[in-house]
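Asker: Following the working numbering, the numbering of the sequence shown begins with 37 at its first residue and continues without gaps.
Think of the CB as a built atom: it goes at the ideal place given N, C-alpha and C, for glycine as much as any other residue.
Structure below; questions to follow.
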Amino acid sequence: MSFDINSKNNYDEIMDQQFNLLQDMINLSDYVIYQEYEDLELLETGMDLLKKMIKVNKLNYHLVDNFAEEREVKFIKEQYHSYSLDPLDKIGEEIRNLQIILEDISEVYNNFDSIDEDLKIEAMNTIETIATYNLRDYENTIKNTFKGSL
């Protein structure tokens, strides 16, 4: 699997980029959960969140593939030990799943006026569920991955 990550980026630059993306995801997730939204605004924020999640997973893939022995990368790999798939395969699967969710939410957003109300509600519930999970999971990820760096 190949991604558009600039291979000239060194490990520290990639980790800085990952940290910033994780922090953005936490902030967006917090915003989704605690703010009152108009439907289209929630869908826009959700699409932004999903794009950042895809980017973080692409960075994780690149890190695991190219910097497997770094302390922070070992933590990333450990997160996937409970799965039957190799960490790279599991990360690739997560990227594909997030892309499918993003496509579905984008479709609801782009056709908002003609989409069934149940599909709108389902898309918004999906965003809120992902945001809730992110707050719990990514805050722990930042603490564990970057604990020596903060």
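1) Assess, as a yes-or-no matter, whether the stretch 124-134 is touched by the stretch 57-73 under the definition of 3 or more beta carbon pairs within less than 8 Å.
2) Take residue 170 as the anchor and find which of 76, 156 and 89 has the nearest alpha-carbon.
3) Can the beta-carbon of residue 92 be found closer than 8 Å to that of residue 123?
4) Let's test the definition: count the other Cβ atoms within 10 Å of the Cβ of residue 94 and tell me whether it reaches 16, buried, or not, exposed.
5) Nearest to residue 137 by alpha carbon, out of 160, 115, 119 and 154?
6) Quick one: does residue 72 have its CB under 8 Å from some CB of chain C?
Answerer: The structure says:
1) no
2) 89
3) no
4) buried
5) 160
6) Given the protein chain composition of this structure (a single chain), no chain C is represented.
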